[in-house]
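Residue numbers (our numbering): 15 to 344. This report concerns only the one structure given below.
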């Protein structure tokens with residue numbers, strides 16, 4: 015495809031809902047770059063719920079007008095000689111939120127915001143790793159890391175962040191307990207994972223049984239209020255619980271005495287606060303796992319690869335809770 019046929023998504027202003035969103039596909043010429051920047055030709059860009067919500071004005075940091083899209087994989091076509099021609103990947107809480115994003119043919123970023131994409135996975139898979147794995151990796155990092163021999167409970171393990179957290183914890187050699195509303199583990203893990211279907215089994219009791227009454231060293235709560243009581247009940251002495259917020263404006267009853275006596279720690283993760291450089295550092299930490307097979311990208315089927323002019327179909331599917339990762343092909 016020639017430069018004259020390149021396009022980018024453009025959102026002029028926030029919409030009141032997906033049915034009123036004006037998601038334009040407009041011509042794009044290759045931007046010029048400054049010193050310290052690279053120009054990436056985007057080959058694949060995942061669509062995250064936050065991408066869609068940001069176009070609807072739900073994300074308070076989002077600026078207008080702009081091109082949305084946080085995750086990407088592509089090839090460097092301008093910048094330092096050592097990077098030209100390199101296949102790269104990246105993500106960021108600023109990309110597509112406060113600066114033009116990846117749902118476009120061309121993307122300008124700081125040099126430090128791109129790293130070599132993993133060998134052995136497709137460019138489409140690399141473009142869909144971003145936000146979920148960055149969220150999980152940052153959560154464990156801020157909790158002091160996940161280590162072999164620890165017990166890690168992942169609440170909402172069948173979601174994308176939950177799947178990523180299970181993979182990272184299993185790779186580290188932790189004993190992983192996945193709590194979800196289905197029997198089978200969604201996605202991949204390089205080691206055995208204990209699955210608790212919370213629609214059939216009371217998860218807190220089962221977790222305490224599995225840990226001999228000790229509880230979990232780390233709890234990764236990907237669905238906040240839904241499993242709040244479970245997560246709080248199964249924390250071992252000195253344990254840490256990691257949170258992402260799935261529902262806006264929700265509050266919970268907090269047992270301050272249990273928190274105090276348990277010497278517990280709570281960590282909140284907001285990836286919108288992680289810029290493209292930090293997000294890329296986290297992805298680069300994970301790259302060896304994708305290359306040696308102890309981590310696996312989300313599968314991307316041909317039906318989930320959407321041409322940029324049909325991006326609204328992907329946006330609507332993601333907002334409706336699509337199970338598969340949707341990837342735009344600029």
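Built from N, CA and C at the ideal position, the CB exists for glycine as well. As the structure is a prediction and not an experimental result, all values here were calculated from the model.
(1) Leaving out five residues before and five after residue 220 in sequence, what residues of the same chain have Cβ atoms less than 7 Å from its Cβ?
(2) In the DSSP assignment, what are the bridge partners of residue 121?
(3) Ignore the nearest five residues each way along the sequence and tell me which others in residue 346's own chain have a CB closer than 7 Å to its CB.
(4) Any idea what DSSP makes of residue 18, helix, strand or coil?
(5) Going by Cα to Cα distance, which pick from 36, 28, 31, 27 is closest to residue 1?
(6) Do the region 84-91 and the region 99-108 make contact, defined as three or more Cβ pairs closer than 8 Å?
(7) Less than 9 Å separating the beta-carbons of residue 91 and residue 99?
(8) Using a Cβ distance threshold of 8 Å, determine whether the region 122-134 contacts the region 293-311, with at least three qualifying pairs required.
(9) Could you check where the beta strand (DSSP E) with residue 277 kicks off and where it finishes?
(10) Which residues does DSSP pair with residue 320 in a beta bridge?
(11) Between the C-alpha atoms of residue 328 and residue 340, what's the straight-line distance to the nearest angstrom?
(12) Assuming residue 113 and residue 25 make a contact with CB atoms under 8 Å, what is their CB distance in whole Å?
(13) If you draw a straight line from the alpha carbon of residue 253 to that of residue 136, how long is it in whole angstroms?
(14) Return the first residue and the last residue of the alpha helix (DSSP H) that residue 182 is part of.
(15) Would DSSP call residue 198 helix, strand or coil?
(16) Taking the beta carbon of residue 292 as the centre, do at least 16 other beta carbons fall within 10 Å, making it buried, or is it exposed?
(17) In or out: residue 321 buried (at least 16 other Cβ within 10 Å) or exposed?
(18) Just grab the DSSP bridge partners of residue 189 for me.
(19) Would you tell me roughly how many angstroms separate the C-alpha atoms of residue 44 and residue 20, rounded to the nearest one?
(20) Please give me, in chain order, every unbroken run of the alpha helix (DSSP H) with length at least 4 that falls completely inside the region 40-90.
(21) Just mark residue 34 as buried or exposed, buried being the case when its beta carbon has 16 or more other beta carbons within 10 Å.
(22) Please list, in chain order, all residues of the same chain as residue 179 whose beta carbon is under 6 Å from its beta carbon, the five residues on each side excluded.
(23) Rounded to whole angstroms, what's the CA-CA distance from residue 29 to residue 78? Just pull it up for me.
(24) Could you tell me which residues DSSP puts in a beta bridge with residue 138?
(25) Going by the DSSP bridge assignment, what does residue 230 pair with across the sheet?
(26) Can you list, in chain order, the residues of its chain with a C-beta nearer than 7 Å to that of residue 185? Leave out the 5 residues immediately preceding and following it.
The structure says:
(1) 210
(2) 54
(3) Examination of residue 346 is not possible in this model, given that the chain is present from 15 through 344 alone.
(4) Only weak support is given to the placement of residue 18: the predicted model assigns it a pLDDT of 49, under 50, and the value that follows is read from those uncertain coordinates. Note: residue 18 maps to helix in three-state DSSP.
(5) Past the edges of the chain, shown from 15 to 344, lies residue 1, and the structure says nothing about it.
(6) yes
(7) yes
(8) yes
(9) Careful: residue 277 lies outside any beta strand (DSSP E) and carries neither H nor E.
(10) 342
(11) 6 Å
(12) With 8 Å as the limit, residue 113 and residue 25 do not qualify as a contact, their Cβ atoms being about 13 Å apart.
(13) 37 Å
(14) 174-185
(15) coil
(16) buried
(17) exposed
(18) 165
(19) 8 Å
(20) 63-69
(21) exposed
(22) 150, 168, 234
(23) 11 Å
(24) DSSP output for residue 138 lists no bridge partner at all.
(25) 249
(26) 204, 303, 308, 309
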